[in-house]
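Taking the numbering used here, the leading residue of the sequence shown gets 4, the next gets one more, and so forth.
No residue lacks a Cβ here, since even glycine has one placed at the ideal position from N, Cα and C.
In what follows, a structure is listed as structure tokens, so that the remarks can point back to it.
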Amino acid sequence: MRYLPTINSPADLRAYAPTDLREIADEVREHLISVITQVGGHFGAGLGTVELTVALHYVFNTPFDKIVWDTGHQAYPHKILTGRKDLLHTIRQRGGISGFLKRTESEYDCFGAGHATTSISAALGMAVARDVLKEKYKVVAVIGDGAMTGGMAYEAMNNCGVQKSDLLVVLNDNQMSIAPNVWAVSNYFSELFAHPKAQDLRNRIYKMTQNMESLGDRIRQTAHRLEGGFKAVLTPGMLFEALGFRYFGPVNGHNIDQLVKMLTHVRDIGGPVLLHTITQKGKGYAPAEKDKQFLHAIGKLPQKSSTPTVSTPKPPAPPSYQKVFGETMVELMSTNPNVVGITAAMPDGTGLDIVQKSFADRVYDVGIAEEHAVTFAAGLATQGVVPVVAIYSTFLQRAFDQIVHDVALQHLHVVFALDRSGVVGADGPTHHGVLDVAYLRIIQGMIVMAPKDEQELRNMLYSAVNTYTAGPVAIRYPRGEGEGALKQPCTSIPLGKSETLRIGSDVAIIGLGHRVYASMAAAKQLETEGIEAEVVNARFVKPLDTAMLDDLALRIGKIVTVEDGQAEGGYGSAVAEYLAQHHPQCALHIHGIPDEFVDHGTQQELWADLKLDAPGIAHVVKDFLSEKFVRELR
Ligand SMILES: Cc1ncc(C[n+]2csc(CCOP(=O)(O)OP(=O)(O)O)c2C)c(N)n1
Numbered sequence: 004m005r006y007l008p009t010i011n012s013p014a015d016l017r018a019y020a021p022t023d024l025r026e027i028a029d030e031v032r033e034h035l036i037s038v039i040t041q042v043g044g045h046f047g048a049g050l051g052t053v054e055l056t057v058a059l060h061y062v063f064n065t066p067f068d069k070i071v072w073d074t075g076h077q078a079y080p081h082k083i084l085t086g087r088k089d090l091l092h093t094i095r096q097r098g099g100i101s102g103f104l105k106r107t108e109s110e111y112d113c114f115g116a117g118h119a120t121t122s123i124s125a126a127l128g129m130a131v132a133r134d135v136l137k138e139k140y141k142v143v144a145v146i147g148d149g150a151m152t153g154g155m156a157y158e159a160m161n162n163c164g165v166q167k168s169d170l171l172v173v174l175n176d177n178q179m180s181i182a183p184n185v186w187a188v189s190n191y192f193s194e195l196f197a198h199p200k201a202q203d204l205r206n207r208i209y210k211m212t213q214n215m216e217s218l219g220d221r222i223r224q225t226a227h228r229l230e231g232g233f234k235a236v237l238t239p240g241m242l243f244e245a246l247g248f249r250y251f252g253p254v255n256g257h258n259i260d261q262l263v264k265m266l267t268h269v270r271d272i273g274g275p276v277l278l279h280t281i282t283q284k285g286k287g288y289a290p291a292e293k294d295k296q297f298l299h300a301i302g303k304l305p306q307k308s309s310t311p312t313v314s315t316p317k318p319p320a321p322p323s324y325q326k327v328f329g330e331t332m333v334e335l336m337s338t339n340p341n342v343v344g345i346t347a348a349m350p351d352g353t354g355l356d357i358v359q360k361s362f363a364d365r366v367y368d369v370g371i372a373e374e375h376a377v378t379f380a381a382g383l384a385t386q387g388v389v390p391v392v393a394i395y396s397t398f399l400q401r402a403f404d405q406i407v408h409d410v411a412l413q414h415l416h417v418v419f420a421l422d423r424s425g426v427v428g429a430d431g432p433t434h435h436g437v438l439d440v441a442y443l444r445i446i447q448g449m450i451v452m453a454p455k456d457e458q459e460l461r462n463m464l465y466s467a468v469n470t471y472t473a474g475p476v477a478i479r480y481p482r483g484e485g486e487g488a489l490k491q492p493c494t495s496i497p498l499g500k501s502e503t504l505r506i507g508s509d510v511a512i513i514g515l516g517h518r519v520y521a522s523m524a525a526a527k528q529l530e531t532e533g534i535e536a537e538v539v540n541a542r543f544v545k546p547l548d549t550a551m552l553d554d555l556a557l558r559i560g561k562i563v564t565v566e567d568g569q570a571e572g573g574y575g576s577a578v579a580e581y582l583a584q585h586h587p588q589c590a591l592h593i594h595g596i597p598d599e600f601v602d603h604g605t606q607q608e609l610w611a612d613l614k615l616d617a618p619g620i621a622h623v624v625k626d627f628l629s630e631k632f633v634r635e636l637r
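If you want it as structure tokens, here you go:
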């Protein structure tokens, strides 16, 4: 490599001539491919933004100028150019750099990201702050066409049209819906409209006509309509123009010369400007260009090795919760024609892609629009359809009001399948689903449950769809493999009934969801140390199994709750609320995630760090039993 070793910051990049940029982009792509195929990570999106990233850091004076990346999974080239190329191999690993944007990681990550569709709002905030503080920097938001399906983008653009602050939005469009033959013509007109001479002409027309009263207005309107008319015919920009943006594009997002030229032209145009670029996801890496799986994220790819390794056959891994969810949905939908599935742009992640194969017309992908997904489900439910809304726990956070106002308040039977609850691993704090118990259990009339394993997920889904039909029901389950529970026919679970798995007299451990297995293992470990622990599978956060709590409080008097979620407001808090009123003498330890954001790492590493694995739980239980107050209860 000729250039990349010399580039440790965008300033180094800007020292090169425009003619060097093509080769620099190629080297960035090569580095990205060689590292990510070894360590895994988001892949396709970053390969598509290489030229755009080089051009942006070349034209804009970062970090003085601000680039706000939406979502963040496409920002690996940005990390490479902003001093993190030698850390790329640590991405998404414990102690390594984040897979998303993180303000604490670099001054070039001027706004944190992970959830989609935040960039235009954040960038407008920065632009308005600049104006208020009378500063001079430029602000750019880079947003994908997928993120543009989120309503917040339109809220933000509408507000941009009102604020009129100088702001550039780059639409990184990697859908192939814009036919290539349109490009050539539209590129020509885009350059024409964006050229400083055209800007100058426009400004002069506006100035000249300012004092011409109604005639001036008419000339200005005609000129504007003429330009808009051209754009409407030749470019897809009228929507953005209607929202108050000056629209340019579409331009080929892999043509670095043209990108630099366009960005230089639009950089100094006042007010909100949108530059539409067309990119190809996975660009430059054949498997990623072709294969959908490569387009989003990959694990480590097997590397060529000179010494052949002898592989011992491994027992088959248990199916993932997502696969079990998808297959169970197919079963339920086969017997109940009223059941439908809803996803917010994550059919593959949630397992609804399995359902799409059997019932393509009964799965609705609404785009990255979680709020809409929930109210859409509410509408369906008013008419007797049973919507199962499968959304990652972390993304459902944005639909809180819709759950309360549109679903719960109207007692509508909507089933929420909260995928990736608890810590999710490499995606880190933006994606951990650790708040759901707290934000759902406070909603009036909501049923909230968590299965201990994949068969219980099947039973809970069955019960949620067919048995608990009076209002909303949420099931939270984790990312990844199940526990290997034997697949059985679905049965209904009695509402609000926990399950006692082990009898003991020294302490009761109540586990929530998949932490039940770890609690059982902890109990076995404690037994070897002379401590007899009862283990209960909570199953329900709401309604709470108060009969079980009465029994444990009176019979054992020492309870530890265990959950993969925030301790504050979670399942243990629900237990504490009950015990405080009914059994104040019962000692309780709430074991969950403390009041902090958990970083990235594998799920196993994080559970161990948080003492939510078997040895950790055993340790916490022993500490609890050794507390003076608890000892005195004996
Ligand atoms: C609120 C929210 N919902 C869902 C996701 C999951 N997600 C990550 S990337 C992505 C697709 C984004 O598409 P686009 O903006 O076009 O970017 P591209 O990957 O095509 O570059 C989705 C749905 C998310 N990050 N945030």
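Going by the CB atoms, is the gap between residue 516 and residue 598 shorter than 8 Å? The residue you call residue 598 lines up with position 595 of the sequence shown. The residue you call residue 516 lines up with position 513 of the sequence shown. It is not a contact, given that the beta carbons lie outside the stated cut-off.
Relative to the alpha-carbon of residue 155, which residue among 477, 374 and 455 has its alpha-carbon at the smallest distance? Residue numbering aside, residue 155 sits at position 152 when the sequence shown is read from its first letter. Of all alpha-carbon atoms in 477, 374 and 455, the one lying nearest the alpha-carbon of residue 155 is that of 374.
Just checking, does the segment 526-535 make contact with the segment 610-624 on the three C-beta pairs under 8 Å criterion? The segment 526-535 is in contact with the segment 610-624.
With H, G and I counted as helix, E and B as strand and the rest as coil, what does DSSP make of residue 517? For the purposes of this step, residue 517 is taken as the residue at position 514 of the sequence shown. Secondary structure of residue 517 (DSSP, three-state): coil.
Of the choices 396, 594, 363 and 403, whose alpha-carbon is the least far from that of residue 2? The requested residue 2 does not occur in the structure, where the chain is confined to residues 4 to 637.
Which class does residue 405 belong to by DSSP, given the choice of helix, strand or coil? Residue mapping note: residue 405 aligns to position 402 of the sequence shown, counting from 1. Three-state DSSP puts residue 405 in a helix.
Cβ neighbour criterion (16 or more within 10 Å) applied to residue 506: Within the sequence shown, numbered from 1, the residue matching residue 506 stands at position 503. With fewer than 16 other Cβ atoms within 10 Å, it is exposed.
In angstroms with no decimal places, state the Cα-to-Cα distance between residue 283 and residue 609. Mapped onto the sequence shown, residue 283 falls at position 280. Mapped onto the sequence shown, residue 609 falls at position 606. Here the C-alpha atom of residue 283 lies approximately 35 Å from the C-alpha atom of residue 609.
To which residues does DSSP link residue 44 through a beta bridge? As a position in the sequence shown, residue 44 is number 41, starting the count at 1. In DSSP, residue 44 forms a bridge with 301.
Can you give me the C-alpha to C-alpha distance between residue 443 and residue 456, rounded to a whole angstrom? Start at 1 with the first residue of the sequence shown, and residue 443 comes out as number 440. Start at 1 with the first residue of the sequence shown, and residue 456 comes out as number 453. Rounded to whole angstroms, the separation of the alpha carbons of residue 456 and residue 443 is 21 Å.
Assigned secondary structure, residue 534 (DSSP; H/G/I helix, E/B strand, else coil): Working through the sequence shown from its first residue, we reach residue 534 at position 531. Of the three classes helix, strand and coil, the one that applies to residue 534 here is coil, per DSSP.
How far does the alpha helix (DSSP H) with residue 566 in it extend, from its first residue to its last? Residue numbering aside, residue 566 sits at position 563 when the sequence shown is read from its first letter. Unbroken run through residue 566 is the beta strand (DSSP E), 561-569; no alpha helix (DSSP H).
Give, in chain order, every unbroken run of the beta strand (DSSP E) that is at least 3 residues long and sits entirely within the segment 325-385. Within the segment 325-385, the runs of beta strand (DSSP E) that reach at least 3 residues and sit entirely inside it are, in chain order, 342-346 and 366-368.
On the criterion of 16 or more Cβ atoms from any shown chain inside 10 Å, does residue 600 qualify as buried, or is it exposed? Numbered from its first residue, the sequence shown carries residue 600 at position 597. Counting other Cβ atoms within 10 Å of its Cβ, residue 600 stays below 16 and is therefore classed as exposed.
C-beta contact flag for residue 84 and residue 31 at 8 Å: If you number the sequence shown from 1, residue 84 lands on position 81. If you number the sequence shown from 1, residue 31 lands on position 28. Closer than 8 Å, so yes.
Burial state of residue 4, where buried means 16 or more other Cβ atoms lie within 10 Å: Stepping through the sequence shown from its first residue, residue 4 is reached at position 1. Residue 4 sits exposed, since fewer than 16 C-beta atoms from the chains shown fall within 10 Å of its C-beta.
Would residue 316 be called buried (16 or more neighbouring beta carbons within 10 Å of its own) or exposed? Here residue 316 corresponds to residue number 313 of the sequence shown, with the count starting at 1. Classification for residue 316: exposed.
For residue 128 and residue 254, I'd like the C-alpha separation in whole angstroms. Indexing the sequence shown from 1 puts residue 128 at position 125. Indexing the sequence shown from 1 puts residue 254 at position 251. Rounded to the nearest whole angstrom, the C-alpha separation of residue 128 and residue 254 is 27 Å.
Could you tell me which residues DSSP puts in a beta bridge with residue 590? In the sequence shown, counting from the first residue as 1, residue 590 sits at position 587. Beta-bridge partners assigned by DSSP to residue 590: 561.
So residue 372 packs on residue 153, CB below 8 Å; how close in whole Å? Position 369 of the sequence shown, counted from the first residue, corresponds to residue 372. Position 150 of the sequence shown, counted from the first residue, corresponds to residue 153. Rounded to the nearest angstrom, the Cβ distance from residue 372 to residue 153 is 6 Å, consistent with a contact under 8 Å.
Are residue 556 and residue 582 close, meaning C-beta to C-beta below 8 Å? Translated into the one-based positions of the sequence shown, residue 556 becomes position 553. Translated into the one-based positions of the sequence shown, residue 582 becomes position 579. A distance below 8 Å separates the beta carbons of residue 556 and residue 582.
Look at the Cβ atom of residue 119, then the Cβ atom of residue 164, and state whether they are nearer than 8 Å. Here residue 119 refers to the residue found at position 116 of the sequence shown. Here residue 164 refers to the residue found at position 161 of the sequence shown. Contact flag unset, no.
Taking Cβ positions, are residue 257 and residue 286 nearer each other than 8 Å? By 1-based counting over the sequence shown, the position of residue 257 is 254. By 1-based counting over the sequence shown, the position of residue 286 is 283. When the beta-carbon positions are compared, residue 257 and residue 286 come within less than 8 Å of each other.
Please find out if some non-hydrogen atom of ligand 1 comes closer than 7 Å to the beta-carbon of residue 398. Numbered from 1 along the sequence shown, position 395 holds the residue referred to as residue 398. At least one heavy atom of ligand 1 is nearer than 7 Å to the Cβ of residue 398, so yes.
Could you tell me which of 131, 322 and 199 sits nearest to residue 264, measuring between CA atoms? Along the sequence shown, one-based indexing puts residue 264 at 261. If we check each option's Cα against that of residue 264, 199 comes out closest.
Taking Cβ to Cβ, would you say residue 486 is nearer than 8 Å to residue 318? Numbered from its first residue, the sequence shown carries residue 486 at position 483. Numbered from its first residue, the sequence shown carries residue 318 at position 315. For the 8 Å CB-CB criterion, residue 486 and residue 318 do not form a contact.
Quick one: using the 10 Å Cβ neighbour count with 16 as the cut-off for buried, is residue 458 buried or exposed? Taking the sequence shown and counting its residues from 1, the one referred to as residue 458 is at position 455. Around the beta carbon of residue 458, 16 or more other beta carbons sit within 10 angstroms, so the residue counts as buried.
Less than 8 Å separating the beta-carbons of residue 28 and residue 57? One-based indexing of the sequence shown puts residue 28 at position 25. One-based indexing of the sequence shown puts residue 57 at position 54. Taking 8 Å as the cut-off, the beta carbon of residue 28 is found closer than this to the beta carbon of residue 57.
Strictly by DSSP, which residues pair up with residue 489? In the sequence shown, residue 489 corresponds to position 486, counting from 1. According to DSSP, residue 489 bridges with nothing at all.
Do residue 93 and residue 99 have their C-beta atoms closer together than 8 Å? For the purposes of this step, residue 93 is identified with residue 90 of the sequence shown, where counting begins at 1. For the purposes of this step, residue 99 is identified with residue 96 of the sequence shown, where counting begins at 1. Using a Cβ distance threshold of 8 Å, residue 93 and residue 99 count as a contacting pair.
To which residues does DSSP link residue 484 through a beta bridge? Taking the first residue of the sequence shown as 1, we reach residue 484 at position 481. DSSP lists 323 as partners of residue 484.
If you run the structure through DSSP and keep just helix, strand and coil, what is residue 191? Position 188 of the sequence shown, counting from 1, holds the residue named residue 191. Because the pLDDT of residue 191 is 49, which lies under 50, any placement of that residue in the model is unreliable, and the number read from its coordinates should be weighed accordingly. Helix.
Span of the beta strand (DSSP E) around residue 250: Here residue 250 is taken as the residue at index 247 of the sequence shown, counted from 1. Taken as a continuous stretch (DSSP letters only), the beta strand (DSSP E) holding residue 250 covers 249-255.
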